[in-house]
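For the sequence shown, numbering that gives the first Met the number 0 assigns the number 329 to the last residue and increments by one with no breaks. Ideal placement from N, C-alpha and C gives every residue a C-beta, glycine not left out.
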Amino acid sequence: MRPARLAPLFATVRALKGVGPRIEGLLNKLVGSRAKTSHAHVIDLIWHLPVGLIDRARTPSIAEARVGELATLEVKVVEHRPGGGRRGRRAPYRILVEDDTSALELVYFRADAKYLERLLPIGETRIISGKLESYDGLLQMSHPDHVAAVDNAASLPLIEPVYPLTAGISNTTMRKAVTAALTQLPELPEWIDAEFLAKQDWPDFADAIAALHAPQSEADFSPSVPARARLAYDELLANQLALAIIRQRLKKRAGRSLQAKGRLRQAIVDALPYTLTGAQSRALADIDADMEDGNRMLRLLQGDVGSGKTIVALLAMANAVEAGTQSALM
Numbered sequence: 000m001r002p003a004r005l006a007p008l009f010a011t012v013r014a015l016k017g018v019g020p021r022i023e024g025l026l027n028k029l030v031g032s033r034a035k036t037s038h039a040h041v042i043d044l045i046w047h048l049p050v051g052l053i054d055r056a057r058t059p060s061i062a063e064a065r066v067g068e069l070a071t072l073e074v075k076v077v078e079h080r081p082g083g084g085r086r087g088r089r090a091p092y093r094i095l096v097e098d099d100t101s102a103l104e105l106v107y108f109r110a111d112a113k114y115l116e117r118l119l120p121i122g123e124t125r126i127i128s129g130k131l132e133s134y135d136g137l138l139q140m141s142h143p144d145h146v147a148a149v150d151n152a153a154s155l156p157l158i159e160p161v162y163p164l165t166a167g168i169s170n171t172t173m174r175k176a177v178t179a180a181l182t183q184l185p186e187l188p189e190w191i192d193a194e195f196l197a198k199q200d201w202p203d204f205a206d207a208i209a210a211l212h213a214p215q216s217e218a219d220f221s222p223s224v225p226a227r228a229r230l231a232y233d234e235l236l237a238n239q240l241a242l243a244i245i246r247q248r249l250k251k252r253a254g255r256s257l258q259a260k261g262r263l264r265q266a267i268v269d270a271l272p273y274t275l276t277g278a279q280s281r282a283l284a285d286i287d288a289d290m291e292d293g294n295r296m297l298r299l300l301q302g303d304v305g306s307g308k309t310i311v312a313l314l315a316m317a318n319a320v321e322a323g324t325q326s327a328l329m
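Quick look at the structure:
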């Protein structure tokens, strides 16, 4: 049974703020199961990790900005130029902005004029960030990634993670959805030994997840960074614990207790041109204990080539035969 505290992680993404039916459908396609009827869950978004980053830290003047590159600019809104046209050929909505060095146009297609008037009021100063383009000799920025008032500049992410996307979802939309998903991560008890955790200088689970979604440089994508190393260890530990539980359940199934006096085994040992090693004798003792137990044996005998695994198997088989059962060596 799944612990109740994990329930928020397995809610569908529709439960997140800002995720409506359209975005939910796209997220189902992007991070949901391959089954057509499966939904994307909050946990799917948490594990949908960025694959790169956008650095918006460059803040030139308009005159210094370079075409084809991202730039974060502080500009004054000068004029709104609504698009015209007929029969579906409406021209884009343009907004003229400037600073002390030059001017450029912000371009919006299929724009909501009232929304843009509130977002970029004439005479106000705004921080804008996006890719600069040149069209017909004029500098422009189509659909800026971010627009913020000067007194709210801290809300603009100068370093922004880049996520795998699908058609219809922007990186900004994905980032907001992931941010909402991270708020659903419950406080979990630490399962790594405290001394080992401190020795490795690893963060706790929640901090490690948060760090993966907030890279500050390309170096943060290295597998060796503490957050990634900790989560990789978590994955390996979880796999080993799952296997241990499966083995434990298998071993608790009823088996057949096989007990022999060891006469057949001793005859084989007496005929050998060498003496069993201490490791071979200890392995046989462990196998004998498993065979005598009422539960099923689940054991792997491991050793280097030439270390004598085959004779150990043969001697274990000898006890099984002496106990009245059959054995096969393949």
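Burial of Arg264 is indicated by the presence of at least 16 other C-beta atoms within 10 angstroms of its C-beta. The straight-line gap separating the alpha-carbon atoms of Ala210 and Ile61 is approximately 33 Å. For Ser141, the enclosing beta strand (DSSP E) covers residues 137-141. Distance between Gly24 and Ala213, taken at the CA atoms: about 26 Å. For Ser101, there is no enclosing alpha helix (DSSP H), since its DSSP letter is neither H nor E. With respect to Gly254, Arg295 sits close: the two C-beta atoms are nearer than 8 Å.
Measuring C-alpha to C-alpha distances from Gln199 to each of Ala226, Ser280, Leu257, Ser169 identifies Ala226 as the nearest. When Cβ pairs closer than 8 Å are counted between the two stretches, the stretch 301-315 is seen not to touch the stretch 234-251, the count staying below three. As DSSP reads the structure, Ile158 sits in a beta bridge with Asp54. The C-alpha of Arg13 is placed about 34 Å away from the C-alpha of Arg93. For Ala253, there is no enclosing beta strand (DSSP E), as DSSP marks it with neither H nor E.
Between Gln139 and Val106, the gap from beta carbon to beta carbon is short of 8 Å.
For Gly129, DSSP records a beta bridge to Ala70. Contact between Arg174 and Glu186 is ruled out by a C-beta separation of about 23 Å, above the 8 Å threshold. When the five nearest sequence neighbours on each side are left out, no beta carbon in the same chain lies closer than 7 Å to the beta carbon of Gly19. Taking C-beta separations shorter than 7 Å and ignoring five residues to either side along the sequence, the partners of Ser141 in its chain run Val106, Glu132, following chain order. In the DSSP assignment, Asn294 forms a beta bridge with Ala253.
Positions of the beta strand (DSSP E) runs, each at least 3 residues long and wholly inside the stretch 171-259, cannot be given because no such run exists. Counting only residues of its own chain and dropping the five nearest sequence neighbours on each side, Val320 has a CB closer than 7 Å to the CB of Leu263, Ser326.
Residue environment analysis places Ala205 among the exposed positions, since fewer than 16 neighbouring C-beta atoms fall within 10 angstroms of its C-beta.
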